[in-house]
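Visitor: Remember, the numbering used here sits 638 above the position in the sequence shown when you count from 1.
Where is the CB? At the ideal position from N, CA and C, for every residue including glycine.
Here the structure is a predicted model, which is why all the values come from computation and not from measurement.
The structure's right below; bear with me while I get my questions together.
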Amino acid sequence: MFLFVIAPNIAQAFREFTQQSFGQKLICWLFSSYYIVHVINDLPSNSELKLHCELEDANLGYYKLSVGDDYHWRFCDILHEKVSVCHLWWVSNSKEIAFEAYQARVRANSCFESGECFWSARGDGIYYSGYPDGRDYKVRYFWDDMLPS
Numbered sequence: 639m640f641l642f643v644i645a646p647n648i649a650q651a652f653r654e655f656t657q658q659s660f661g662q663k664l665i666c667w668l669f670s671s672y673y674i675v676h677v678i679n680d681l682p683s684n685s686e687l688k689l690h691c692e693l694e695d696a697n698l699g700y701y702k703l704s705v706g707d708d709y710h711w712r713f714c715d716i717l718h719e720k721v722s723v724c725h726l727w728w729v730s731n732s733k734e735i736a737f738e739a740y741q742a743r744v745r746a747n748s749c750f751e752s753g754e755c756f757w758s759a760r761g762d763g764i765y766y767s768g769y770p771d772g773r774d775y776k777v778r779y780f781w782d783d784m785l786p787s
């Protein structure tokens, strides 16, 4: 009976996260949870946002986002020690910034409240919210901030 109840959840998790081994998926499902990090282009109209993100040693690739686009990725952080870094370029304004999009040990960047982090690229900077409905967006970085060395 117990296996019947949990089997659909396991099957769904495994379908969504095929890049992980069976053991990794099972451990995450049993002992932790998945996190989702979003990067959203909320720049002025006709502004292209280029981004490159990494999660630990995994290169998530380069992407171009049109206004309103949301690039996001899911991952499991069993030991609560992962770090994800993103580099954003506001193409038409020749501005760029790199920042930690997820850092488990920094509560403000950890997605603990909802399991999701929302980063919004806007005209004056990069805003953060830990809530899916977009409330409590607060500016975290300004485009003119220096890139971390």
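1. Let me know the secondary structure DSSP gives residue 675 once reduced to three states.
2. Can you name the start and end residues of the beta strand (DSSP E) that residue 742 belongs to?
3. Run through the DSSP bridge pairs and tell me what residue 707 is partnered with.
4. Starting from residue 683 and walking both ways along the beta strand (DSSP E), at which residues does that stretch end?
5. Comparing C-alpha positions only, which one of 761, 740, 781, 782 sits nearest to residue 592?
6. So, are the CB atoms of residue 705 and residue 731 less than 8 Å apart?
7. Exposed or buried, which one is residue 715 when buried takes at least 16 other CB atoms within 10 Å?
8. Just confirm the distance between the C-beta atoms of residue 689 and residue 681, as a whole number of angstroms; I'd bet it's less than 8 Å.
9. Residue 666 by DSSP, collapsed to three states: which one?
10. Taking residue 720 as part of the beta strand (DSSP E), name the residues at either end of that continuous run.
11. Taking only three categories from DSSP, how would you classify residue 730?
12. Thinking just about the alpha-carbon of each residue, which of 683, 758, 708 is nearest to the one in residue 781?
13. Only counting the same chain, and skipping five residues up and downstream in sequence, which positions put a Cβ closer than 6 Å to that of residue 725?
14. Please report the straight-line C-alpha distance between residue 778 and residue 766, rounded to a whole angstrom.
15. Check residue 757 in the structure and name its three-state DSSP category.
Guide: In terms of the structure at hand:
1. Strand, per DSSP.
2. If you look at residue 742, you'll find it isn't in any beta strand (DSSP E); DSSP assigns it neither H nor E.
3. Paired residues: none, contrary to the question.
4. According to the DSSP assignment, residue 683 belongs to no beta strand (DSSP E), since it is labelled neither H nor E.
5. Any answer about residue 592 is impossible in this case: the structure gives the chain only from 639 up to 787.
6. In this structure, residue 705 keeps its C-beta atom at 8 Å or more from the C-beta atom of residue 731.
7. Buried, because 16 or more other Cβ atoms sit within 10 Å of the Cβ of residue 715.
8. Not a contact, Cβ separation roughly 12 Å.
9. In the structure shown, residue 666 adopts helical secondary structure according to DSSP, grouped into three states.
10. Taken as a continuous stretch (DSSP letters only), residue 720 belongs to no beta strand (DSSP E), as it is neither H nor E.
11. Correct three-state label for residue 730: helix.
12. Among 683, 758, 708, the Cα nearest to that of residue 781 belongs to 758.
13. Hits under 6 Å: 690, 736.
14. Answer to the nearest angstrom: the Cα atoms are 6 Å apart.
15. The three-state secondary structure of residue 757, taken from DSSP, is strand.
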